[in-house]
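A.B. asks: Residue numbers for the sequence shown follow this note's numbering, beginning at 261 and rising by one. Below is the structure I would like to discuss, written out as C-alpha cells.
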Amino acid sequence: MAEPKTSELMEKIVSLCKRRGFIFQSSEIYGGLNGFWDYGPLGAELKRNLKECWWRSMTQQRDDVVGLEASIIMHPKIWEASGHTSTFSDLMVDCLLTKKRFRADQIEPQSGMAYFYSGATDQNAGTRSAEPFSVLLPPGKPVESARKVAWHFYHERGVRHPTLLGERAEKAENSTRYNPENGSLLTEPRPFNLMLKTYVGPVESEDNKSYLRPETAQAIFVQFKNVLEVSRQKIPFGICQIGKAFRNEINPRNYTFRSREFEQMELEFFIRPDEAIEAICGSVAQPAGPQPSTLPPSPPASARPRRNEVEAGNPQPNWGWQMWHKYWVEERMAFYERIGLPRNSLVEYWQTPAELAHYARATVDILYKFPFSKRDENGELAGEELEGIAARSDFDLSQHQRFSGKPMTVFDEELKAAWPKLEDAKKAELIESYRGSRLRYLTKTGEAPETAEKQAREEADALTKGYYVPHVIEPSAGVDRLALALICNAYGEDQAPDEKGKLDSRVVMRFHPRIAPIKVAVFPLLKNKPDLVRKAKEVRDLLRPHLTVFYDEAGAIGRRYRRQDEAGTPFGVTIDFETLGEQGPELKDTVTLRDRDSMKQQRVKISELAGLLIEKIR
Ligand code: GAP
C-alpha cells in the first residue's frame, strides 16, 4: 500500500486517536483549551506502560539510581536559583492587526513588497491616528491587499472610515517582521517567561506568588542531600522522577508535541568532578572519536561524534563526565529501541557549542522522525526532540548552595585517602584545574573578583580534604512526546481478509507488546452460545491477574479482530467449538491464538496460555 503523505498521515493518526480513545482535546465540550490534552482509556494505559518501563529500567533494575516524587509547587526561590525566573523565556511577537502571538524564532523569513503608512484620518468624524504601520505582500499581489489590511488596522484604532496617509513601497528580503498569515507588521520581539504563575494561600500578593514547576529536575537538586543521607548511596549515583511540568508555551503545536501541561521523566546522575577521579584513579577515561569541545562551532552532521564509534560499556571507576555522558546516551537509545522505536527512526543530535546552555558541557538530543518533522537538505525527516541528555557540570547544585546557603558538597572517603599519595606536581595541577573551574562559575554568577578568588581557593582546598560539589548528567525525556512517537511509529495500514476471506484494508497499531495498552483480547466465537461465553470468561479471568485483558463478544469475529488491531492489541484469543471438545477430545481446552502483525493463528492449550503470553510480552 502506498505511503500516505505526511500531513495526511498525521490527520489519520489524530483521527484514530480520538476515535479509539487514545487522546482527546481537553475541555472539548467547552471548545477546548489550547495546549492541553486528555488521554482516553487506551492512551492512559499506553502512558502508564511507558512510564513503568522507564521507571523499571532507570531505577528498579539498577543499584545506583533511586526514585523521588516531589511536589509540583515549590519555594519560588528555587526558580531564581535555577535561572528560570530570569532566563526561562522565549522571544515573542504579536500581530498588530489580530493580536495573534508567535514565537519570534518560528517566523519564516519572507520576501516581497512592504507598504508603509504614516497614519490614517477620518475627515468626517475628525479622528486621526499617527501610528506608523506596514504590510508585507508576496511578489505579484496588488497594493489593494495591503490597503485593506492597513484599513482594518486603523479602523481597529478608532478611525472609523480611514483614509490612509503617506503610503510608500519598499522591497523586503527575508524579513521576519511580518505575520506570515496576513502580512501585518508584528511588534518588536519581547521576552515572555514561560512559567505558569499561581498564588499560594488566600492572598494574591507578590509575596505569595509561586509557579507550577516548568521541569521536574529542580526538585531532585533541592532534595539531593536528603536522598543521599537516607539512601546510603555514594557518588556516582542518580535520583529519578516522573511527574507533571507546565510551560505557558506561546505556540502549542503539532498535536501533543508542544503542550502547556506535560509529563517528564528525568534522571539526575551525580558524578565526581574529573579532578577527583584523576586523584583517585590516576587518570580519567576518555571516549574515542572527536570530542564536542574540539569541534568547529557548527560542525556538519558527518563531523559530529557518533555513538557507535566506541561503546561506553559497563561503568568504570575512572569514568569522568564524558564517559558518563556517552554511557547515558547509549542507555537511552537502547531504551527506545527496547520499547519498539527502530534505530533508524531516531537521530542522535549533538548540540553545537553555540547551541549549548551556558552551564552545559555537552548535550545530545534524541530526536524522533515524526511525520510533521522538518526535512533536511536530502529530503529526509530531520526529527524532533524526544529527550535531551545534558552534562550540566556542577552548576545546579552550586546554584542551590548559593541561594539557600546550605552546603551541597559531599565528603568522598576515597578522595581523602588518595590525596596524600599524589605527587606534589599532580596535586598542584589538580588544585589549579579545580580552582579555575570554580572561579569561572563564581565569576559568571556575578560574584566580586576578590570574593570569587577567595571562595574558589577555599573550595580547591576543600577538594584536597575530600569535599566537592558533584557534577551531573541529566537524561530528560517527555512522556507525552514519547507516547506520540510510539503512536506515530505504530500506525500502519495493510490488507487483511474479511469474514468472507476477501482482502480488505485494515488499520493496525503495531505497538511493541511491552507498551501496548491492552495485551490480549479474549473472544467467544459466538455470543449466543452460553458454553462458549462461559469458557471465554474463564479464560479472561485466568489471564487477568497477569495481563491487561479485553473481553469482547459483540459482532462478527473478523470485526472484533479489526477493533483490536486498531487498539494495538498484540494477541487475540478465540474460544470456539474445538475448545469445548466438539471436534474431538485432542482439541478440548485449546484456543486459537492470533498474532496481530502476522495475523497467523496457532492452537494453544489453555493451561499454557498465560505462560506463553507473558513470555512474548516480556
Ligand atoms: N530539565 C531539563 C529540561 O526540562 P527540556 O529540553 O526543556 O529540558 C526535557 O525538556 C523534555 O521535556 C523534552 O525533551 C521534551 O520531551 C519534554 N518537553 C519539554 N517541553 C515540552 C512541551 N511543551 N510539551 C511536551 N513535552 C515537552
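From the three backbone atoms N, C-alpha and C, an ideal C-beta is built for every residue, glycine too. What you are looking at is a predicted structure, and each value in this text was computed from that prediction instead of being measured.
#1: Quick one: residues in its chain with C-beta nearer than 7 Å to the C-beta of residue 495, no 5 flanking neighbours on either side, listed in chain order?
#2: Could you work out which residue in 270, 675, 420 is closest to residue 385 when comparing CA atoms only?
#3: Could you pull the start and end residues of the alpha helix (DSSP H) that residue 301 belongs to?
#4: Taking only runs of the alpha helix (DSSP H) that begin and end inside the segment 736-763, which ones reach a length of at least 4 residues, in chain order?
#5: Please classify residue 618 as buried or exposed, where buried requires at least 16 neighbouring CB atoms within 10 angstroms.
#6: Tell me whether the beta-carbon of residue 747 lies closer than 8 Å to the beta-carbon of residue 724.
#7: Residue 525 lies in the beta strand (DSSP E); which residues open and close that run?
#8: My output table needs one value for residue 495: the three-state DSSP class, helix, strand or coil.
#9: Please confirm whether residue 422 has its beta-carbon closer than 8 Å to some beta-carbon of chain B.
#10: Closer than 7 Å to a non-hydrogen atom of ligand 1 - does that hold for the CB of residue 452?
#11: Using a 10 Å radius around the Cβ and a threshold of 16 neighbouring Cβ atoms, would you call residue 524 buried or exposed?
#12: Going by C-alpha to C-alpha distance, which of 435, 286, 471 sits closest to residue 337?
#13: Residue 732 and residue 656: beta carbons closer than 8 Å?
#14: Would residue 833 and residue 853 be called neighbours here (beta carbons separated by less than 8 Å)?
#15: Among all the DSSP beta bridges, which residues are the ones paired with residue 769?
#16: Using a Cβ-Cβ cutoff of less than 6 Å, which residues in the same chain neighbour residue 270 once the five nearest sequence positions on both sides are dropped?
#17: Go to residue 784, then tell me how far its alpha helix (DSSP H) extends in each direction, as first and last residue.
#18: Would you kindly report the start and end of the unbroken alpha helix (DSSP H) that includes residue 429?
#19: Would you kindly work out how many angstroms separate the C-alpha atoms of residue 429 and residue 418, rounded to a whole number?
#20: Whole angstroms is fine: what's the gap from residue 503's alpha carbon to residue 329's?
#21: Determine, using beta carbons only, whether residue 648 and residue 775 come nearer to each other than 8 Å.
#22: Starting from residue 350, follow its DSSP beta bridges and name the residues at the other end.
#23: Put residue 515 into one of helix, strand or coil per three-state DSSP.
#24: Just tell me which of 404, 480, 351 has its CA closest to the CA of residue 453.
#25: Who pairs with residue 861 in a beta bridge, going by DSSP?
#26: In three-state DSSP terms, what is residue 877?
#27: Below 8 Å between beta carbons: does that hold for residue 831 and residue 856?
#28: Which same chain residues, not among the five before or five after residue 268, have their C-beta less than 8 Å away from its C-beta?
#29: For residue 456, which residues of its own chain have a beta-carbon under 6 Å away from its beta-carbon, when the five flanking residues on both sides are left out?
#30: Using a Cβ-Cβ cut-off of 7 Å (strictly less than) and excluding sequence neighbours within five positions of residue 405, which residues of its own chain qualify?
#31: Once the 5 residues before and after residue 284 are set aside, which same chain residues still bring their CB inside 6 Å of it?
#32: Let me know the secondary structure DSSP gives residue 595 once reduced to three states.
#33: So, helix, strand or coil for residue 816, using DSSP?
#34: For the segment 567-637, list the beta strand (DSSP E) runs that are entirely contained and at least 3 residues long, ordered along the chain.
#35: Closer than 6 Å by C-beta to residue 374: which residues in its own chain qualify, once you throw out the five before and the five after it? Chain order, please.
#36: Is any non-hydrogen atom of ligand 1 found closer than 7 Å to the C-beta of residue 404, if you look at the structure I gave you?
C.D. replies: In short, the structure shows the following:
#1: Within the sequence shown, numbered from 1, the residue matching residue 495 stands at position 235. In its chain, beyond the 5 residues on either side, 530, 531, 532, 670, 672, 730 have a beta carbon closer than 7 Å to the beta carbon of residue 495.
#2: Here residue 385 refers to the residue found at position 125 when the sequence shown is read from its first residue. From the listed residues 270, 675, 420, the smallest Cα separation to residue 385 is found for 420.
#3: Here residue 301 is taken as the residue at index 41 of the sequence shown, counted from 1. Taken as a continuous stretch (DSSP letters only), the alpha helix (DSSP H) holding residue 301 covers 301-315.
#4: 739-750
#5: Along the sequence shown, read from residue 1 onward, the residue named residue 618 stands at position 358. Under this definition residue 618 is an exposed residue.
#6: Reading the sequence shown from its first residue, position 487 is the one you call residue 747. Reading the sequence shown from its first residue, position 464 is the one you call residue 724. Going by C-beta atoms, residue 747 is not nearer than 8 Å to residue 724.
#7: Sequence index remark: in the sequence shown, residue 525 carries index 265 (1-based). Counting along the chain, the beta strand (DSSP E) containing residue 525 begins and ends at 521-531.
#8: For the purposes of this step, residue 495 is taken as the residue at position 235 of the sequence shown. Reduced to three states, the DSSP call for residue 495 is coil.
#9: The structure shown contains no chain B, having only a single protein chain.
#10: Locating residue 452 in the sequence shown gives position 192, where the first residue counts as 1. No; taking the cut-off as 7 Å, the Cβ of residue 452 has no heavy atom of ligand 1 nearer than that.
#11: Counted from its first residue, the sequence shown places residue 524 at position 264. With 16 or more other Cβ atoms within 10 Å, it is buried.
#12: One-based indexing of the sequence shown puts residue 337 at position 77. Nearest option by C-alpha distance: 471.
#13: Here the question's residue 732 lines up with position 472 in the sequence shown. Here the question's residue 656 lines up with position 396 in the sequence shown. Judged by their CB atoms, residue 732 and residue 656 are nearer to each other than the 8 Å cut-off.
#14: Here residue 833 refers to the residue found at position 573 when the sequence shown is read from its first residue. Here residue 853 refers to the residue found at position 593 when the sequence shown is read from its first residue. For residue 833 and residue 853, yes; Cβs fall inside 8 Å.
#15: Within the sequence shown, the letter at position 509 stands for residue 769. In the DSSP output, where bridge partners are listed per residue, residue 769 has 751.
#16: Locating residue 270 in the sequence shown gives position 10, counting from the first residue. Correct list, in chain order: 631, 632.
#17: Counting from 1 along the sequence shown, the entry for residue 784 is found at position 524. Note, residue 784: premise wrong, no alpha helix (DSSP H); beta strand (DSSP E) at 780-784.
#18: On the sequence shown, residue 429 is found 169 positions in, with the first residue counted as 1. In the DSSP annotation of this structure, residue 429 is not part of any alpha helix (DSSP H); the continuous beta strand (DSSP E) holding it starts and ends at 428-435.
#19: Looking up residue 429 in the sequence shown gives position 169. Looking up residue 418 in the sequence shown gives position 158. Looking at the two C-alpha atoms, the distance is approximately 25 Å.
#20: Position 243 of the sequence shown, counted from the start, is the residue given in the question as residue 503. Position 69 of the sequence shown, counted from the start, is the residue given in the question as residue 329. Approximately 8 Å between the Cα atoms of the pair.
#21: As a first step, residue 648 must be located in the sequence shown, where it is residue number 388. As a first step, residue 775 must be located in the sequence shown, where it is residue number 515. Contact flag unset, no.
#22: Residue numbering aside, residue 350 sits at position 90 when the sequence shown is read from its first letter. BP columns for residue 350 point to 452.
#23: As a position in the sequence shown, residue 515 is number 255, starting the count at 1. If DSSP states are grouped into helix, strand and coil, residue 515 belongs with coil.
#24: Here the question's residue 453 lines up with position 193 in the sequence shown. Checking every option, the nearest Cα to that of residue 453 belongs to 351.
#25: Reading the sequence shown from its first residue, position 601 is the one you call residue 861. According to DSSP, residue 861 bridges with 854.
#26: On the sequence shown, residue 877 is found 617 positions in, with the first residue counted as 1. Note: residue 877 maps to helix in three-state DSSP.
#27: For this step, residue 831 is matched to residue 571 along the sequence shown. For this step, residue 856 is matched to residue 596 along the sequence shown. Yes, they are a contact pair.
#28: Walking along the sequence shown from the start, residue 268 turns up at place 8. Result list for residue 268: empty, nothing under 8 Å.
#29: Numbered from 1 along the sequence shown, position 196 holds the residue referred to as residue 456. Cβ contact annotation for residue 456 (same chain, cutoff 6 Å, sequence separation greater than five): 472, 506, 508, in chain order.
#30: The sequence position of residue 405 within the sequence shown is 145, counting from 1. So the list reads 397, once near-sequence residues are dropped.
#31: As a first step, residue 284 must be located in the sequence shown, where it is residue number 24. Cβ neighbours of residue 284 beyond the five flanking positions: 298, 300.
#32: What you label residue 595 is simply residue 335 of the sequence shown in a count that begins at 1. Helix at residue 595.
#33: Here residue 816 is taken as the residue at index 556 of the sequence shown, counted from 1. Coil at residue 816, not helix or strand.
#34: Listed in chain order, the beta strand (DSSP E) elements of length 3 or more contained wholly in the segment 567-637 are 606-610, 622-628.
#35: Numbered from 1 along the sequence shown, position 114 holds the residue referred to as residue 374. Only residues of its own chain outside the window of five on either side were considered, and among them 394, 396, 430, 432 have a CB closer than 6 Å to the CB of residue 374, listed in chain order.
#36: The residue labelled residue 404 in the question sits at position 144 within the sequence shown. Answer for residue 404: no, Cβ out of range of ligand 1.
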